[in-house]
Amino acid sequence: MSQPLVASTPLSSLTPSTSLQTHQQWLEQAVQLARENHQQGGRPFAALLVRDGQLVASAVNGIHLDGDPTRHAELEALRKASQCGPLAGVIVYASGHPCPMCLGALVMNGIAAVYYAFDNADAAPFGFDSTAAYQTLGLTLAPQPLPLVKLAVTLTAADLYGSEPQSHDHE
Ligand SMILES: [Zn+2]
1 MSQPLVASTP
11 LSSLTPSTSL
21 QTHQQWLEQA
31 VQLARENHQQ
41 GGRPFAALLV
51 RDGQLVASAV
61 NGIHLDGDPT
71 RHAELEALRK
81 ASQCGPLAGV
91 IVYASGHPCP
101 MCLGALVMNG
111 IAAVYYAFDN
121 ADAAPFGFDS
131 TAAYQTLGLT
141 LAPQPLPLVK
151 LAVTLTAADL
161 YGSEPQSHDH
171 E
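Residue numbers (full-length UniProt numbering): 1 to 171.
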């Protein structure tokens, strides 16, 4: 079955150029990448950088590749995008709420907004949250340094974070 048409998206919830449905489609891509990375032995995180509806860079968490603890998906995506000019105004689609390290890098590079699927409460039961780091740093995210918007996606947090690597490969 194809997706039902969305005929009555409230206009008040939309930015002028990007519909909620478009944000959700990008975010679904990020979550799928995160899932694939988990299935291949990596941590279940991915991020896309999008400017004016065009993909600038996508990346997954790469810590498992060489042990570098800074290889979070958002930072990997920023590194990849560094060939593409200034990143001011870029929108980030991240499978999980950014940790403080990544959030700092996103703010310092003028990222316009972050859309994410799972927050720290979703991730905590699986040990993938950055709550402790936020607490240690005293960062409350109130007010938010940039728009941080949680959107629903097809997968649940248990689908993404709970599945063992190398399993659930039916799709
Ligand atoms: Zn991070």
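Idealized CB from N, CA, C, for every residue including glycine.
Where residue i falls, given that 16 or more other Cβ within 10 Å makes a residue buried
i, result
"Ala152", "exposed"
"Cys99", "buried"
"Tyr161", "buried"
"Leu155", "buried"
"Ala157", "buried"
"Gly127", "exposed"
Beta-bridge pairing of residue i - partner residues as DSSP gives them
i, result
"Leu150", "In the sequence on display, residue 150 carries Lys and not Leu. Answer by DSSP bridge pairing, in chain order: Tyr116."
"Gly96", "Phe118"
beta-carbon residue i near ligand 1 non-hydrogen atom, thresh 7 Å
i, result
"Cys84", "no"
"Pro145", "no"
"Glu76", "no"
"His72", "yes"
"Pro69", "no"
"Met101", "yes"
"Pro44", "no"
"Pro98", "yes"
Complete alpha helix (DSSP H) runs within the UniProt domain "CMP/dCMP-type deaminase" (21–131) (minimum length 4 residues, chain order): 63–66, 73–81, 100–108, 120–123
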